[in-house]
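Asks: Numbering of the sequence shown is given in this note's numbering, commencing with residue 2 and proceeding in unit increments.
Just so it is clear, CB atoms sit at the ideal spot from N, CA and C, and this is done for glycine as well.
All of these numbers come straight from a predicted model, not from anything done at the bench.
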Amino acid sequence: MSAAAIHPADQWSWWRKVLFRFCCIYLLLYITPWTWLGDIPILSLIGDYYGKAETWLVTLANQYIFHIKDVLVPLNGSGDTSYAYAQLCFFTGVAVVGAAGWTLFDRRTSYNTAYYWLLVLVRYFVAMMSLSYGIIKLFGLQMIFPSLSALATPLGDLLPMRFSWYFIGYSTPYQFFSGAVEVLAGVLLLFRRTSTLGALVAASVFLNVMMMNLCYDIPVKLFSIHLFVFSNFLLVSDAQRLLNFFIFNKPTQPAFLFTMPKKWMRTAQVVLKIAFVGLFLVWPIARSYQRWLASKEMHTTNKLATGFFTVDQFQGSVADSLRWKDVVFEATNSGSIQTADTLFRQRYRRGYFSYELDSLAHTIAFKKNAADTTTLFSMQYTVPDSNHIQLRGKIRNDSVLVALKRQPRHYQLTERQFHWLSEANR
2 MSAAAIHPAD QWSWWRKVLF RFCCIYLLLY ITPWTWLGDI PILSLIGDYY GKAETWLVTL
62 ANQYIFHIKD VLVPLNGSGD TSYAYAQLCF FTGVAVVGAA GWTLFDRRTS YNTAYYWLLV
122 LVRYFVAMMS LSYGIIKLFG LQMIFPSLSA LATPLGDLLP MRFSWYFIGY STPYQFFSGA
182 VEVLAGVLLL FRRTSTLGAL VAASVFLNVM MMNLCYDIPV KLFSIHLFVF SNFLLVSDAQ
242 RLLNFFIFNK PTQPAFLFTM PKKWMRTAQV VLKIAFVGLF LVWPIARSYQ RWLASKEMHT
302 TNKLATGFFT VDQFQGSVAD SLRWKDVVFE ATNSGSIQTA DTLFRQRYRR GYFSYELDSL
362 AHTIAFKKNA ADTTTLFSMQ YTVPDSNHIQ LRGKIRNDSV LVALKRQPRH YQLTERQFHW
422 LSEANR
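(1) Round the Cβ separation of L190 and R124 to the nearest angstrom and send it over; I've been treating them as touching at under 8 Å.
(2) For T228 versus V127, is the C-beta distance shorter than 8 Å?
(3) Can you list, in chain order, the residues of its chain whose CB lies under 6 Å from that of F281, leaving out five sequence neighbours each side?
(4) Note down, one range per segment and in chain order, each alpha helix (DSSP H) of at least 4 residues found wholly within the stretch 268-324.
(5) As an exercise, report each continuous alpha helix (DSSP H) stretch of at least 4 residues that is fully enclosed by the stretch 219-253, in chain order.
(6) What does a CB cutoff of less than 8 Å around W293 pick up in its chain, not counting 5 residues either side in sequence?
(7) Can you find a heavy atom of the ligand GDP that lies under 7 Å from the Cβ of A240?
(8) From N388 to K297, what distance separates their C-alpha atoms?
(9) Sorted by chain position, which residues of the same chain lie with C-beta nearer than 7 Å to F234's C-beta, five sequence neighbours on each side aside?
(10) Which class does I69 belong to by DSSP, given the choice of helix, strand or coil?
(11) E183 lies in the alpha helix (DSSP H); which residues open and close that run?
(12) Work out the CA separation of L159 and Y353 for me, nearest whole Å.
(13) Let me confirm a value: A87 is counted as buried when at least 16 other C-beta atoms fall within 10 Å, else exposed. Which label applies?
(14) I'd like to know if the stretch 268-278 and the stretch 144-159 are in contact, where contact means that at least 3 CB-CB pairs between them fall below 8 Å.
(15) Near M144, what residues of its chain come up, given a Cβ to Cβ distance below 7 Å and the 5 sequence neighbours on each side ignored?
(16) Report the residue from S14, S360 and D11 whose alpha carbon sits nearest the alpha carbon of Y383.
(17) Return the CA-CA distance between D399 and W325, expressed in angstroms with no decimal places.
(18) Name, in chain order, the residues that DSSP records as bridge partners for G336.
(19) Measuring alpha carbon to alpha carbon, tell me which of A62, T110 and L30 ends up nearest S14.
(20) Near Y217, what residues of its chain come up, given a Cβ to Cβ distance below 6 Å and the 5 sequence neighbours on each side ignored?
(21) Between the alpha carbons of N426 and V188, how many angstroms are there, rounded?
(22) Whose C-beta lies closer than 7 Å to the C-beta of I219 among residues of the same chain, with five residues either side of it excluded?
(23) Rounded to the nearest angstrom, what separates A306 and S335 at their Cα positions?
(24) Helix, strand or coil: which one does DSSP assign to S387?
(25) Under three-state DSSP, which class holds G78?
(26) Since F309 and L149 are thought to touch, with beta carbons under 8 Å apart, how far apart are those beta carbons, to the nearest angstrom?
(27) Does the separation of the CB atoms of I43 and G99 fall below 8 Å?
(28) Rounding to the nearest angstrom, what Cα-Cα distance links A101 and T93 in this structure?
(29) What three-state label does DSSP hand E424 in the structure shown?
(30) Determine, using beta carbons only, whether I396 and F378 come nearer to each other than 8 Å.
(31) For R397, name the three-state secondary structure that DSSP assigns.
(32) How would you write the range of the beta strand (DSSP E) that Q347 sits in, first residue to last?
(33) So what does DSSP say about S438, is it helix, strand or coil?
(34) Determine the burial state of T114: buried for a count of at least 16 other Cβ atoms within 10 Å of its Cβ, exposed for fewer.
(35) Taking the continuous beta strand (DSSP E) assigned at A366, which residues delimit it?
(36) Quick check on DSSP: helix, strand or coil for F164?
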């Protein structure tokens with residue numbers, strides 16, 4: 002990114018200095034560049050200790066000042082938890098107080114050099130996030146094609162987020178395109194001469210991401226808003242040049258590019274750039290490629306069946322709401338049951354499970370997740386033919402007999418239809 006568009010000799014207005022101080026503190030707290038190398042074992046300790054200290058301070062501030070919620074829910078699969086909002090309030094409060102104290106004691110007339118390096122940090126942070134999200138989309142790892150269980154779920158039972166996930170995951174080319182644009186933004190941001198174009202691409206990409214998160218209730222709203230704002234922050238120093246070129250039809254001056262004054266600094270700059278590209282572009286591509294290969298070679302030989310089965314018979318002292326209506330066995334050792342039984346992992350009115358099969362003892366052990374070491378229950382199974390399965394065992398100490406019958410379900414979505422010529426609106 003260009004250095005400050007103002008000549009170093011120029012003086013900043015008071016409001017610009019105050020705004021810079023606030024932004025500098027807030028941005029450093031948010032992007033935490035000292036934790037970027039957390040995947041490196043020794044350096045990960047910095048991130049660990051910093052994370053613990055931040056959590057303690059945010060929790061303390063929430064307890065005595067913000068009162069977002071009595072007990073904060075930490076960041077998990079959702080980025081919009083009560084902790085995230087308390088963290089937002091904490092960062093804002095620290096930035097306000099810090100900017101006020103900075104203003105009282107600092108009498109400098111401008112911050113051109115500091116502003117330049119702040120832009121560099123933000124530029125690399127946005128590039129890092131763009132590459133991270135873009136690369137996994139290139140390999141179709143973020144949004145997956147709807148599973149058999151998802152196809153068996155009524156559309157009206159899906160939440161907006163899951164609906165949007167399947168919308169993108171349905172089309173591998175569209176997901177690849179989305180990822181390619183994000184990767185393009187990240188790569189352009191890595192180089193000063195293309196950073197303005199990269200910021201424009203990133204702002205467009207994250208505007209779309211932000212609107213999807215807001216309109217489909219995807220719980221990454223705060224983060225996507227920040228990425229959109231950060232992308233536009235990168236364009237502020239070039240705002241007048243862009244307006245002159247695109248709007249006012251006026252000639253514009255070339256951007257000032259900061260150059261390291263000493264040779265060893267320029268060498269270090271090149272080395273750091275290569276290291277960043279290796280850590281956040283080359284390595285993630287290699288890692289995602291391995292994950293993609295692993296997903297194609299998943300061990301599925303020791304499985305019971307694949308398909309949709311209705312429950313022909315269900316014998317047992319079980320409440321009606323807990324009875325099984327149908328069972329889906331996926332291509333992997335997992336599946337789902339139409340039941341309200343919370344013994345299973347409940348999602349969209351279906352209970353999801355993983356299982357381990359013992360083909361010698363003819364037993365199937367049900368688990369909530371594949372990584373679980375404990376089983377929910379085990380049942381004896383018999384397979385009279387390819388269209389019928391019988392399960393017999395105990396669930397919550399109640400003897401249960403389940404007779405399953407395969408139903409030939411055909412889902413048009415699995416055809417992945419495409420028509421250049423469409424004679425009617427389908």
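Replies: In short, the structure shows the following:
(1) About 5 Å separates the two Cβ atoms, so the contact holds.
(2) Reading off the sequence shown, one finds Leu at residue 228, where the question assumed Thr. With contacts defined as CB atoms closer than 8 Å, L228 and V127 qualify as a contacting pair.
(3) Excluding five sequence positions before and after F281, the CB atoms of its chain that fall closer than 6 Å to its own CB belong to M129 and L132, given in chain order.
(4) You should have 284-297.
(5) Complete alpha helix (DSSP H) runs here, min 4: 222-234 and 240-247.
(6) Here W293 has F140, G141 and L142 as same chain residues with Cβ atoms under 8 Å from its own Cβ, once five neighbours each way along the sequence are excluded.
(7) With respect to small molecules bound, the structure shown includes none, and the ligand GDP cannot be examined in it.
(8) Cα to Cα, N388 sits roughly 26 Å from K297.
(9) Excluding positions up to five away in sequence, the list reads V123.
(10) Here DSSP, grouped into helix, strand and coil, assigns I69 to coil.
(11) It spans T173 to L190 - the alpha helix (DSSP H) in which E183 sits, taken as one unbroken run.
(12) Between the alpha carbons of Y353 and L159 lies a gap of roughly 15 Å.
(13) Buried is the call here.
(14) The stretch 268-278 vs the stretch 144-159: no contact.
(15) Result list for M144: W166, I169, G170 and Q176, in chain order.
(16) In the sequence as presented, Tyr is not what sits at residue 383; that position holds Thr. Here the closest residue by C-alpha is S360.
(17) So the alpha carbons of these two residues sit roughly 14 Å apart.
(18) As a beta-bridge residue in DSSP terms, G336 pairs with F330 and F354.
(19) The shortest Cα separation from S14 among A62, T110 and L30 belongs to T110.
(20) Around Y217: P161, M162 and S165.
(21) Each residue's Cα considered, the two are about 40 Å apart.
(22) These residues qualify, in order along the chain: M162, S165 and M213.
(23) Between A306 and S335, the alpha-carbon positions lie close to 10 Å from each other.
(24) It is coil, neither helix nor strand.
(25) It is coil, neither helix nor strand.
(26) At roughly 7 Å, the Cβ-Cβ gap stays under 8 Å, so F309 and L149 are in contact.
(27) No. Outside cutoff.
(28) Here the alpha carbon of A101 sits roughly 12 Å from the alpha carbon of T93.
(29) Coil, per DSSP.
(30) Result yes, Cβ atoms of I396 and F378 sit closer than 8 Å.
(31) For R397, the secondary structure class from DSSP, reduced to helix, strand or coil, is coil.
(32) Run containing Q347: R346 to R348, per the beta strand (DSSP E) assignment.
(33) This structure gives no information on residue 438, because the portion of the chain shown stretches from 2 to 427.
(34) Label assigned to T114: exposed.
(35) From DSSP, the beta strand (DSSP E) with A366 extends over T364 to K368.
(36) The answer is helix: DSSP assigns F164 an H, G or I state.
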